[in-house]
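Chemist: In order, the protein sequence lines correspond to chains V and X. Mapping the first sequence onto our numbering, position 286 (from 1) lands on 282, and the numbers just tick up by one. Mapping the second sequence onto our numbering, position 217 (from 1) lands on 213, and the numbers just tick up by one. Note that CB positions come from ideal geometry on N, CA and C, so glycine has one too. Let me give you the structure first, and then I'll get to my questions.
2 protein chains.
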Amino acid sequence: MVGSASEFVRARYRLAVPVEAAAERAEALRYEQTVELPREAVQDPFVEKEILPRVEALDPVEGGVEATLAYPVATTAHDPAQLLGVLFGNCSLQDDVALVAVSLPDSLAAALGGPRFGASGLRRLTGVAAGPLTCTPLKPMGLGPERLAELAALFARAGIDVIKDDNGLADHAFCPFEARVRAVQEALGSVAQATGRRVLYAPQVTGTPSTVRRQLETARALDVRAVMLSPALLGLPTLQELARGEPELALLAHCSFAGAPRVTPEVLLGSLYRACGADAVIFPHAGGRFARFDVATCRRLAEELTAPRPGRRRALPVPGGGMSEERVEELLRFYGPDTMLLVGGSLRLGGAGLEARARAFVALVRETARRLAPEAR
Amino acid sequence: MVGSASEFVRARYRLAVPVEAAAERAEALRYEQTVELPREAVQDPFVEKEILPRVEALDPVEGGVEATLAYPVATTAHDPAQLLGVLFGNCSLQDDVALVAVSLPDSLAAALGGPRFGASGLRRLTGVAAGPLTCTPLKPMGLGPERLAELAALFARAGIDVIKDDNGLADHAFCPFEARVRAVQEALGSVAQATGRRVLYAPQVTGTPSTVRRQLETARALDVRAVMLSPALLGLPTLQELARGEPELALLAHCSFAGAPRVTPEVLLGSLYRACGADAVIFPHAGGRFARFDVATCRRLAEELTAPRPGRRRALPVPGGGMSEERVEELLRFYGPDTMLLVGGSLRLGGAGLEARARAFVALVRETARRLAPEAR
Chain V
-3 MVGSASEFVR ARYRLAVPVE AAAERAEALR YEQTVELPRE AVQDPFVEKE ILPRVEALDP
57 VEGGVEATLA YPVATTAHDP AQLLGVLFGN CSLQDDVALV AVSLPDSLAA ALGGPRFGAS
117 GLRRLTGVAA GPLTCTPLKP MGLGPERLAE LAALFARAGI DVIKDDNGLA DHAFCPFEAR
177 VRAVQEALGS VAQATGRRVL YAPQVTGTPS TVRRQLETAR ALDVRAVMLS PALLGLPTLQ
237 ELARGEPELA LLAHCSFAGA PRVTPEVLLG SLYRACGADA VIFPHAGGRF ARFDVATCRR
297 LAEELTAPRP GRRRALPVPG GGMSEERVEE LLRFYGPDTM LLVGGSLRLG GAGLEARARA
357 FVALVRETAR RLAPEAR
Chain X
-3 MVGSASEFVR ARYRLAVPVE AAAERAEALR YEQTVELPRE AVQDPFVEKE ILPRVEALDP
57 VEGGVEATLA YPVATTAHDP AQLLGVLFGN CSLQDDVALV AVSLPDSLAA ALGGPRFGAS
117 GLRRLTGVAA GPLTCTPLKP MGLGPERLAE LAALFARAGI DVIKDDNGLA DHAFCPFEAR
177 VRAVQEALGS VAQATGRRVL YAPQVTGTPS TVRRQLETAR ALDVRAVMLS PALLGLPTLQ
237 ELARGEPELA LLAHCSFAGA PRVTPEVLLG SLYRACGADA VIFPHAGGRF ARFDVATCRR
297 LAEELTAPRP GRRRALPVPG GGMSEERVEE LLRFYGPDTM LLVGGSLRLG GAGLEARARA
357 FVALVRETAR RLAPEAR
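Rendered as structure tokens:
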């Protein structure tokens, strides 16, 4: 068995209860998340000592109380699905509790594995040794492989570092996965012959576990080095398995369907996606179309993705969600140079001249990063 | 390609906006959920006609407006992950929208497959031809295989129809999956020799896709006929794949982690879990520890699970979540005889005499169902 009996997963919950009711509410949570029995029905000493979490702190905050629970790591079985269930399974059905912070002990972090490539691996794959990376999606859903491949070639010529599928692209009859990946890779190969630079393409894998496995094999056979996936659609355990299995591909995690739970973005997209192996995480930056991602949330999320953690590579934050060229400086000031800037729709306004606009975007990011570099140090 | 161009997935969203802003908000949603581009940037006639959903209705309701969007079925690629993404992927990150109803066209329902066993298959597996079934969990997390097997034997002798793992049971070092399933199956085999009746045991499968696959094979080798899983932890696509693949096992879907999204329980646990193959769905009935499941929600959820749908078997509602013997009549009046009553913790209060209490619970359910039968007709 991995992990010692003295290791704990610590979880902080915000309880929407008055201070005087907090101790009892936290006590109920201890039982709900593990034994699911009334207190009187739990008489086993092993269960009392090694299963039930301890309440380590009750801190009054605005609108309620934050309770810190320390779960013996053995409760998680060192498994991503079980971890999520222990942290927020049953209490996801209770409106007065939100999960706001998680810290994992080393044995669990090691078992989950974290990013296989991480920020440094993505820099290796793209050849961008320092400074921000640039990224844009192939879209919209409805275009066929040839049209998307033309777009990819255009963005590659413009100097974009990472080209990804839009998260609406699946294995559609009008744009099958294999045909799309083949067409885009061929187009990027032609550009690479002309420019000497091979752009990283991350097609989206999506579907049931066996479908995703087939897509990964197809992608690998076509010399793809990275894929995008939405862990909230596919399941967090699927992310964790892909990050450890074959083929070895960098994983860009997209936030689709992940916004809804009363688990804060910094916990789900930050701590847990990184722990389960996301090399980069795509999320909406504050001020776009997604109000729940405010500045403080984005700050904490970036911190969770990039802070040093024993045995876990740093993941790359990819702010997006309605970003535009006008906000490049703001984003680079906020996230620093270890980030990937994702711009989609705003590049696509204005009809013709898309390649010129993409090129200007890349130049703007480079120039702004250079200008800010002394400040950042 | 499955499905005709004239088939639509219809989704009803509750928008927390004033009536005068509803048309514009619904318009933004059309683009957000499919092409993710500004309107001006979408110029392709195929995309306009075959990808973008139509707004079919805008109905004022208390606190906002309900918008009905009709998505061309082709957008879903007839895949469960893509369906979920189209329905609620990006807009899960927007606090002013909730998904409150979904209807699937026949081609998509057929592609997803629905329950393989359904209510009738569970009756066949349990030998309960009519009237409500009874169910209780093996718990708490922390007990070893032998202790859980003793509990299983006790519940089997008491006449319980379905014994399931508590949703906290995983492949723990102190209670490994294989040892637990083997011990419980042997205990139930001994009871069957004495009573002539083999109780259905549903161990929980959980973990990454390959772990779950191994657990299913282990379970099948030990003559298990049903398993429990939490689709919100494992991913909805995993449920759909298990419902169609080998081995053929009945699937009890548990609601762990499913309560949080702003997708109503009747959509997620009702429409989508059934469409993706859950034979039975376990959820908290109104009045237990889970406030968001009110009476009206439970009514709609049961309706989604049991209403006739072309090509989809009925699934069995399994109300639980803090139910007790005192509420048996209320539950049977509410759900009718085509249901499975799940009672856990309340049986476990009072120390010794557990078998007698379980037996009394079974008798109470049978007797109450008989008494109510004329009313139900």
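1. Does DSSP classify LEU266/V as helix, strand or coil?
2. List the residues of chain V whose Cβ lies closer than 8 Å to the Cβ of SER99/X, in chain order.
3. Use the C-beta contact count for ASP160/X: other C-beta atoms within 10 angstroms, 16 or more gives buried, fewer gives exposed.
4. Does ALA168/X have its Cβ less than 8 Å from a Cβ in chain V?
5. For chain V, check one thing: does any of its Cβ atoms lie closer than 8 Å to the Cβ of ILE156/X?
6. Leaving out the 5 sequence neighbours to the left and right, which residues in its chain are closer than 6 Å to ALA356/V when beta-carbon positions are compared?
7. Determine the chain X residues that contact LEU230/V at a beta-carbon separation under 7 Å, and present them in chain order.
8. Can you tell me whether THR72/X is helix, strand or coil according to DSSP?
9. For PHE4/V, which three-state DSSP category applies?
10. Using a Cβ-Cβ cutoff of less than 7 Å, which residues in the same chain neighbour ARG374/V once the five nearest sequence positions on both sides are dropped?
11. Measure the C-alpha to C-alpha separation of LEU212/V and LEU89/X and round it to an integer number of angstroms.
12. Considering only C-alpha positions, which residue in the set ARG26/V, ARG178/V and GLU58/V is nearest to PRO136/X?
13. Is the Cβ of ASP91/X closer than 8 Å to any Cβ of chain V?
14. So what's LEU248/V in DSSP terms, helix, strand or just coil?
15. Let me see if you follow: with CB-CB separation under 8 Å, is GLN236/X close to chain V or not?
16. Roughly how many whole angstroms lie between the Cα atoms of GLY110/V and THR71/V?
17. Kindly list, in the order they appear in chain X, the residues whose Cβ is closer than 8 Å to that of ALA376/V.
18. Beta carbons nearer than 7 Å to chain V: which residues of the region 52 to 74 of chain X have them?
19. Would a check of beta-carbon distances place LEU33/X closer than 8 Å to chain V?
20. Classify ALA63/X as helix, strand or coil using the three-state DSSP reduction.
21. Which residues, in chain order, does the region 205 to 223 of chain X contribute to contact with chain V at a C-beta distance below 9 Å?
22. Using C-beta distances below 7 Å, list every residue in its chain close to ASP290/X, excluding the 5 sequence neighbours before and after it, in chain order.
23. Could you check whether the Cβ of ARG344/V sits closer than 8 Å to any Cβ belonging to chain X?
24. For ALA116/X and VAL61/X, I'd like the C-alpha separation in whole angstroms.
25. Any C-beta of chain X sitting closer than 8 Å to the C-beta of VAL180/V?
26. Let me see if you follow: with CB-CB separation under 8 Å, is ILE278/X close to chain V or not?
27. Output needed in chain order: residues of the region 134 to 155 of chain X with a Cβ under 9 Å from some Cβ in chain V.
28. What residues match up with ASP161/V in a beta bridge as DSSP calls it?
29. If you follow the alpha helix (DSSP H) that SER377/V is part of, which residue opens it and which one closes it?
30. DSSP state of GLN39/X, grouped into three classes?
31. Quick one: does ILE159/X have its CB under 8 Å from some CB of chain V?
32. CB-CB under 7 Å to GLY114/V, same chain, minus the five flanking residues each way: which ones, in chain order?
33. What is the C-beta distance between SER342/V and GLU326/V, in whole angstroms, given that I count them as a contact (C-beta under 8 Å)?
34. Just tell me which of PRO333/V, ARG295/V, ALA215/V and GLN236/V has its CA closest to the CA of ALA106/V.
35. For PHE279/V, does the three-state DSSP call read helix, strand or coil?
Modeler: So, from the listed chains and residues:
1. Rather than Leu, the amino acid found at residue 266/V in this sequence is Gly. Here GLY266/V sits in helix by DSSP.
2. Those do not exist, as SER99/X stays about 20 Å from chain V at its closest Cβ, beyond 8 Å.
3. This sequence places Lys at residue 160/X; Asp is not what is there. Buried, by the Cβ-count rule.
4. One point to set straight first is that residue 168/X is His, not Ala, in the sequence displayed. Chain V, which has a Cβ nearer than 8 Å to the Cβ of HIS168/X, makes this yes.
5. no
6. none
7. ALA77, GLY231 and PRO233
8. helix
9. strand
10. Look at the range of chain V in this structure, -3 to 373, and you will see that residue 374/V is not part of it.
11. 27 Å
12. ARG26/V
13. yes
14. strand
15. yes
16. 20 Å
17. There is simply no residue 376/V to check, as chain V begins at -3 and stops at 373 in what is shown.
18. ALA70, THR71 and ALA73
19. yes
20. strand
21. PRO205, SER206, THR207, VAL208 and ARG209
22. ALA282
23. yes
24. Note that residue 116/X corresponds to Ser in the displayed sequence, not to Ala. Taking the straight line joining both Cα atoms gives about 39 Å.
25. no
26. no
27. LYS135, PRO136, MET137, GLY138, LEU139, GLY140 and ARG143
28. LEU134/V
29. The requested residue 377/V is not part of the displayed model; chain V covers only -3 to 373.
30. coil
31. no
32. ASP275, ARG309, ARG310 and ALA311
33. SER342/V to GLU326/V, Cβ: 14 Å. No contact.
34. GLN236/V
35. strand
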